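Participant: Just dropping this structure here.
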Amino acid sequence: MFKDRHEAGEILAEKLKNLNIKNGVVLAIPRGGVEVGKVLADKLNLSLDVVCPKKITPHDNPEFAIGAVMPDGTFVLDERMVSYLGLSESYLENEIKSKMQEAKRREKVFRGDKEYNLENKTVIITDDGIATGYTMKAALKWLEKQKPKDIVVAVPVLPQEALKNFKNYKLVYIDAPWYFEAVGQFYENFPQLSDEEVLKILRNN
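Here is the structure:
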């Protein structure tokens, strides 16, 4: 159990120190991931940036993720779940398009029109935890196109059964329990951050 995202970031930073990353950047998934990412960037003396995937959901359950999409249209989908739920192609097309627009809006809010410059850099991609893993998978699919030198997935907590999904990457984590309901259960204090709070963290970077 972590006291808060700051404490989780400090423990994670200690685990990352022995990688001795020099030409690197921390990419955080908003909103909660930015709080963790800020600590990593400060402790490892790296710059902080954000990457903004949005969850793809069925129309009758906006809390239930079946995939995620990036601002440029890169997406991942759980095809088995799509088939099980009987979601139509037209629904998925519209949902992906709509969430892509939301992702674009969020990216513009947090980073304006800046170009990413990740080629030949070591990228630490982080969040306050991984639950379904779709947002992280979409971000990684997009990140690979940016031609980084190396990718490190760094999160405080993820389900034990999700470890296999990230076996192609350097994965640094603190805890991977079998019993996992939601990321928030592993934090004593887990407030939702506003866009303004995220922007404040990014401005102070």
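Residue numbers (our numbering): 62 to 266.
A virtual CB, placed ideally from N, CA and C, is assigned to each residue, including glycine.
What you are looking at is a predicted structure, and each value in this text was computed from that prediction instead of being measured.
1. DSSP on Phe171, reduced to helix/strand/coil?
2. Pull up the DSSP beta-bridge partners for Ala89, would you.
3. Quick one: Cα of Lys158 to Cα of Gly134, how far?
4. Compute the beta-carbon to beta-carbon distance between Leu101 and Ile185, rounded to the nearest angstrom, for a pair I have assumed lies under 8 Å.
5. Between which two residues does the beta strand (DSSP E) holding Val244 run?
6. Thr193 and Ala215 - do their beta-carbons sit closer together than 9 Å?
7. Less than 8 Å between C-beta atoms, sequence neighbours within five positions excluded: which residues of the same chain meet that for Ile82?
8. Is Lys83 helix, strand or coil when you go by DSSP?
9. Please list, in chain order, all residues of the same chain as Glu124 whose beta carbon is under 8 Å from its beta carbon, the five residues on each side excluded.
10. How about the region 129-144 and the region 66-73: do they share at least three Cβ pairs that are nearer than 8 Å?
11. If the criterion is Cβ atoms closer than 9 Å, does the pair Val244 and Phe251 meet it?
12. Considering only C-alpha positions, which residue in the set Leu80, Lys198, Asn266 and Trp203 is nearest to Phe227?
13. Is the beta carbon of Pro220 sitting closer than 9 Å to the one on Ile191?
14. Can you tell which of Asn265, Lys231 and Glu222 has its C-alpha closest to the C-alpha of Phe241?
15. Suppose the cutoff is 7 Å on Cβ atoms and the five residues either side in sequence are ignored; what does the same chain contact list for Cys285 look like?
16. Could you have a look at Leu254 and say whether DSSP puts it in helix, strand or coil?
17. Distance check for Glu176 and Lys206, CA to CA, integer angstroms please.
18. When you compare the CB positions of Leu109 and Val95, do they come within less than 9 Å of one another, or not?
19. So for Tyr234, helix, strand or coil by DSSP?
20. For Asn178 and Ala89, I'd like the C-alpha separation in whole angstroms.
Facilitator: Looking at the atomic coordinates:
1. Against the sequence shown, residue 171 aligns to sequence position 110. Looking at Phe171 - three-state DSSP - the assignment turns out to be helix.
2. Numbered from its first residue, the sequence shown carries residue 89 at position 28. DSSP, once it has assigned bridges, lists Val111 and Thr187 as partnering Ala89.
3. Residue 158 sits at position 97 when you count from the first residue of the sequence shown. Residue 134 sits at position 73 when you count from the first residue of the sequence shown. Taking the straight line from one Cα to the other gives about 8 Å.
4. On the sequence shown, residue 101 is found 40 positions in, with the first residue counted as 1. On the sequence shown, residue 185 is found 124 positions in, with the first residue counted as 1. Confirmed, about 6 Å.
5. If you number the sequence shown from 1, residue 244 lands on position 183. No beta strand (DSSP E) holds Val244; DSSP gives it neither H nor E.
6. Reading the sequence shown from its first residue, position 154 is the one you call residue 215. Reading the sequence shown from its first residue, position 132 is the one you call residue 193. Contact flag unset, no.
7. As a first step, residue 82 is located in the sequence shown; it is residue number 21 there, counting from the start. Same-chain partners within the cutoff: Leu105, Leu107, Thr183, Ile185 and Val213.
8. As a working note, residue 83 is residue 22 in the sequence shown. The answer is coil: DSSP assigns Lys83 none of H, G, I, E or B.
9. Here residue 124 is taken as the residue at index 63 of the sequence shown, counted from 1. Thr118.
10. no
11. For this step, residue 244 is matched to residue 183 along the sequence shown. For this step, residue 251 is matched to residue 190 along the sequence shown. Closer than 9 Å, so yes.
12. Within the sequence shown, residue 227 is the residue found at index 166, counting from 1. Measuring from the Cα of Phe227, the nearest candidate turns out to be Lys198.
13. Along the sequence shown, read from residue 1 onward, the residue named residue 220 stands at position 159. Along the sequence shown, read from residue 1 onward, the residue named residue 191 stands at position 130. Closer than 9 Å, so yes.
14. Locating residue 241 in the sequence shown gives position 180, counting from the first residue. Per the Cα distances, Glu222.
15. Outside the displayed range of the chain (62 to 266) lies residue 285, so it cannot be described from this structure.
16. What you label residue 254 is simply residue 193 of the sequence shown in a count that begins at 1. It is coil, neither helix nor strand.
17. Mapped onto the sequence shown, residue 206 falls at position 145. Mapped onto the sequence shown, residue 176 falls at position 115. One C-alpha to the other measures close to 14 Å.
18. For the purposes of this step, residue 109 is identified with residue 48 of the sequence shown, where counting begins at 1. For the purposes of this step, residue 95 is identified with residue 34 of the sequence shown, where counting begins at 1. Contact flag set, yes.
19. Working through the sequence shown from its first residue, we reach residue 234 at position 173. DSSP places Tyr234 in strand when its eight states are reduced to three.
20. For the purposes of this step, residue 178 is taken as residue 117 along the sequence shown, with counting starting at 1. For the purposes of this step, residue 89 is taken as residue 28 along the sequence shown, with counting starting at 1. If I take the Cα positions, the gap works out to 15 Å.
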